[in-house]
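Comments concern the structure below.
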Amino acid sequence: MTLRHTIACFLLVPFTLALAAPADDPQPQGDASGDDTAQQSALPTLEETVVVTATRAGEDEPATHTNIPRQAIAREFWAQDMPSLLRLAPSVHHYADAGIDLGYSYLSVRGFDQRRVAVTINGVPLNGAESHQVYWVDLPGFADMVEDIQVQRGVGKSLYGAGAIGGRVNVETVRLAPGEAWSASAGWGSWSTSKVHASWKSDLLGDGWVLGLSASRLATDGWREHSGARMAMVFLTAQKLGERSVLRINVFGGKEKTELAYLGLTRAELAADRRQNPLRDLDTFYQPHFQVIHEWQPRDGLTVENTWFAFYGRGKFDQNQDQAAGFEFKIGDPALSGAVFEGVRRERWIGEWDYGWLPKVTWRHGRGTLTAGAELRIHRGHQWGDVEAETPPAGAPPRFRYYDYRIPKTSVTLYAQEEWKPDADTTILAGLQRVSHRWSLEDELSDPLVADPAYVRFGYDVEYAWWAPRIGVHRRFGDALSGFVSVAESRREPTAFDLYNIQEWYESPAFRTIDPATGRLADPIPREEKLRDYEAGLRWRTPRAMLAATVYEMRFRDELVILGALNDVGLPVTGNSERSTHRGIELEFAARPTRSWELSGHLTVSRDVHDRFVENVFDSSGALVPVDRSGNRVAGFPERLGRIAVAWTPPWGRVELGALHTGRIYVDNSETRERSVDPSTVLHLDAAWTLARRGATLRLRINNLLDEEYESFGYFWGVEPTFIPAAGRHAFLMLSWRP
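Per numbering that gives the first Met the number 0, the very first residue in the sequence shown carries number 0; after that it's consecutive.
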């Protein structure tokens with residue numbers, strides 16, 4: 000099927016169904032005729048109220064976003080990680096190392112990877128302070144605890160948190176209403192995949208408190224060899240509703256033990272055995288979160304909100320090698336730097352605290368609403384690496400430490416935003432942020448084997464700061480049609496590894512100035528990436544159908560793009576592209592021609608190119624040479640993304656048949672077909688039966704229904720590309736009970 004045919008099918012089907020529906024068909028349950036949010040994709044069964052905060056777009060705001068309400072989450076969630084669930088929203092792509100949607104999985108929005116997609120939980124920033132990553136494996140089964148999710152594309156509406164370059168994912172956890180209730184579910188599937196979940200909430204207790212508790216345990220052997228995972232999650236909440244205030248206290252966290260499979264396979268290896276995994280590495284981590292959220296309305300029109308948060312992470316990543324040379328551990332002694340260590344296990348440890356305060360004041364005055372607030376986030380990170388060798392060379396101990404450093408970081412954001420309505424149909428929004436990030440590197444290595452007299456302890460103090468303005472207009476053109484335009488700027492600072500990956504022997508500090516006497520570094524080479532985002536959209540909606548279209552142009556200076564390779568801990572290697580542009584169109588549709596049939600979907604077509612980019616690459620002789628990539632596609636961005644689903648809802652349950660399409664993805668910046676992931680279209684079938692016993696539901700999910708062989712992502716290491724294979728047909732059967 001050609002691209003023209005694909006677009007035509009996506010456009011014509013909802014219009015055909017809408018026109019074919021009888022004129023007197025009642026409005027479908029939960030249709031959002033009362034929730035006409037600008038550019039908001041509303042699934043036909045939308046029922047929940049959308050929470051509007053400083054990180055979330057609300058009604059009539061000029062921001063491109065999609066709300067996924069609790070009803071849709073419950074309908075789509077079986078046991079998969081959050082990135083897979085988020086493909087309900089346009090322009091979202093995901094892949095998983097293990098081949099199935101459990102374990103380490105990764106999210107991108109409009110092709111921008113997880114480092115450039117800001118994530119908040121109840122407004123609390125989740126992206127790592129050092130890496131900007133979000134490790135969804137640390138939140139197994141978290142969708143069971145979620146009230147709703149909003150996915151914003153582009154800069155979005157958020158006023159604080161990590162720099163939203165590609166988009167933002169705002170997660171709101173459950174809000175409790177009085178009334179004791181409990182539920183339980185258990186599921187089993189392919190490759191020993193299992194999930195057990197139970198939840199309970201109390202009736203109204205003394206002083207207006209309501210308590211809630213939820214717990215999950217998930218396990219899988221993984222589709223790829225040695226890619227199993229064992230995960231657990233607990234969520235405890237206490238909520239108090241006062242006359243003019245709401246207090247929520249949340250304590251939650253997950254623990255995981257996962258066999259890693261982040262290395263891809265060459266085409267020859269895929270032909271021989273798609274399930275093979277060259278790694279035998281193990282990751283163990285836990286991360287408890289603590290949140291206190293207070294909302295107070297001292298008088299009508301004035302709301303004061305404060306959020307205090309903290310989360311702690313501790314764990315290790317075990318890497319196993321048959322052998323390694325001493326210089327790989329930065330050993331300076333000539334007698335040992337070339338010696339071979341046999342039976343090596345590296346333990347890469349991390350221990351970190353993040354805590355902060357999020358104050359916000361909202362003042363409704365006349366035709367306007369003024370919002371002002373701040374974010375203070377303090378990070379204290381400690382990372383260290385130990386080596387243990389079964390057979391060390393003569394003169395070397397069997398265990399020693401080869402890196403040990405701390406990174407303290409402080410992030411401060413001040414913001415203000417005015418939303419003004421000159422008339423009932425027009426909304427003008429203008430906002431301004433001041434963002435500052437300061438952090439340091441302190442090398443604390445003291446092991447005498449590595450920290451010999453010649454060892455230089457590098458350190459630095461850096462600051463990245465900027466202003467970020469935004470403005471937009473939303474307009475209603477009658478009851479069915481609305482539209483918006485917006486312009487916004489955003490930036491994102493480099494990661495700690497972009498400046499200096501102290502863990503690896505082959506990495507050098509990316510600074511222009513080095514004091515040889517003290518090791519202090521100054522004048523960093525990596526620059527913050529700078530974005531100006533232009534968006535425009537139209538949305539048409541009736542009680543039985545919805546169609547929305549958004550066009551965007553995102554102009555970058557110094558975009559931090561992936562170069563195709565991974566470092567030794569599985570993170571992408573990046574560099575600055577001097578000028579680049581991302582253009583695209585996003586289409587969304589939903590229709591319900593009858594009470595029992597509904598259709599929904601979305602399609603994104605984009606072109607992501609380097610306007611000016613010279614990349615330094617190694618040639619066949621091993622020399623580093625400059626190569627002009629100007630005009631080439633940016634690595635890692637799918638050319639097309641689409642989803643379509645048709646659902647039948649008879650009295651006894653629900654049946655859905657759906658398809659996900661992913662276009663070609665170039666794995667490096669050469670734009671050569673040999674270094675690209677082929678397009679794929681994958682079907683799924685989901686069937687749920689409401690059993691005779693009250694509250695019981697039996698559900699069957701079949702993924703990759705036609706057993707397609709395809710790859711979901713890839714990398715290029717300088718010799719030949721490698722690809723992450725996806726699992727063939729697999730199923731999951733779940734029984735749930737909600738009395």
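Built from N, CA and C at the ideal position, the CB exists for glycine as well.
All of these numbers come straight from a predicted model, not from anything done at the bench.
Check: Ranges of the alpha helix (DSSP H) found wholly within the stretch 281 to 358, counting only runs of at least 4; Outcome: 333 to 336
Check: Beta-carbon contacts of GLY325 that lie in its chain and below 6 angstroms, excluding the five residues immediately before and after; Outcome: LEU335, SER336, ALA338
Check: Which of helix, strand or coil DSSP assigns to TRP135; Outcome: helix
Check: Other residues of its chain near TRP504: CB distance less than 8 angstroms, five sequence neighbours each side excluded; Outcome: PHE326, GLU327, PHE328, LYS329
Check: Beta-carbon gap between GLU638 and GLY662 smaller than 7 angstroms; Outcome: yes
Check: Environment of ASP557 [buried if 16+ CB atoms lie within 10 Å]; Outcome: buried
Check: For PRO625, the three-state DSSP class (helix, strand or coil); Outcome: strand
Check: PRO391 Cβ short of 6 angstroms to the ligand MN heavy atom set; Outcome: Absent from the structure shown: the ligand MN. Ligands present: none.
Check: Residues bridged to MET232 (per DSSP); Outcome: SER215, GLY253
Check: Residue environment, THR512, which counts as buried when at least 16 other CB atoms sit within 10 Å; Outcome: exposed
Check: Beta-carbon proximity check, PRO358 vs ASN305, cutoff 7 angstroms; Outcome: yes
Check: Cα-Cα separation, VAL168 to SER435; Outcome: 22 angstroms
Check: Whole runs of the alpha helix (DSSP H) within the stretch 564 to 602, excluding any shorter than 4 residues; Outcome: none
Check: Inter-residue spacing [alpha-carbon to alpha-carbon] between ARG490 and GLY635; Outcome: 20 angstroms
Check: Close-in-space but distant-in-sequence residues of the same chain around LEU240 (CB under 7 angstroms, 5 per side omitted); Outcome: GLY207
Check: Cβ contact (3+ pairs, closer than 8 angstroms) linking the stretch 106 to 118 and the stretch 88 to 95; Outcome: yes
Check: Touch test, the stretch 731 to 738 against the stretch 175 to 186, Cβ-Cβ under 8 angstroms, three pairs minimum; Outcome: yes
Check: Beta-carbon proximity check, LEU212 vs LYS194, cutoff 7 angstroms; Outcome: no
Check: Other residues of its chain near ASP532: CB distance less than 6 angstroms, five sequence neighbours each side excluded; Outcome: GLY153, VAL154, ALA487, MET553
Check: Exposure of TYR64, with buried meaning 16 or more beta-carbon neighbours within 10 Å; Outcome: For the sequence presented, residue 64 should be read as His rather than Tyr. Its Cβ being crowded by 16 or more others within 10 Å, HIS64 is buried.
Check: Separation of LEU246 from ARG632, as counted between CA atoms; Outcome: 48 angstroms
Check: Inside the stretch 51 to 123 only - beta strand (DSSP E) runs reaching at least 3 residues; Outcome: 64 to 68, 91 to 95, 104 to 108, 116 to 120
Check: Alpha helix (DSSP H) segment containing LEU520, residue limits; Outcome: Note, LEU520: premise wrong, no alpha helix (DSSP H); beta strand (DSSP E) at 519 to 523.
Check: For GLY314 and PHE284, believed in contact at Cβ under 8 angstroms, the rounded distance; Outcome: 3 angstroms
Check: Residue of ALA270, ARG114, ALA429, THR425 minimising C-alpha distance to SER157; Outcome: ALA429
Check: Beta-carbon proximity list for GLU462, same chain, < 6 angstroms, skipping 5 on both sides; Outcome: ARG437
Check: ALA97 to LEU281 span [Cα, whole Å]; Outcome: 13 angstroms
Check: Enclosing alpha helix (DSSP H) for PHE496 [first to last residue]; Outcome: 495 to 498
Check: Residue of VAL133, GLU129, PRO82 minimising C-alpha distance to ALA142; Outcome: PRO82
Check: Meets three-Cβ-pair contact criterion under 8 angstroms: the stretch 349 to 357 and the stretch 375 to 383; Outcome: yes
Check: Under 7 angstroms between C-beta atoms of GLY253 and PRO139; Outcome: yes
Check: Residue environment, PRO525, which counts as buried when at least 16 other CB atoms sit within 10 Å; Outcome: buried
Check: Spatial distance of GLU670 from GLU60 (CA atoms); Outcome: 38 angstroms
Check: N-terminal and C-terminal residue of the beta strand (DSSP E) that ALA388 is part of; Outcome: 367 to 390
Check: Secondary structure of ASP451, DSSP reduced to three states; Outcome: coil
Check: Cα-Cα separation between TRP466 and GLN432, rounded to whole angstroms; Outcome: 6 angstroms
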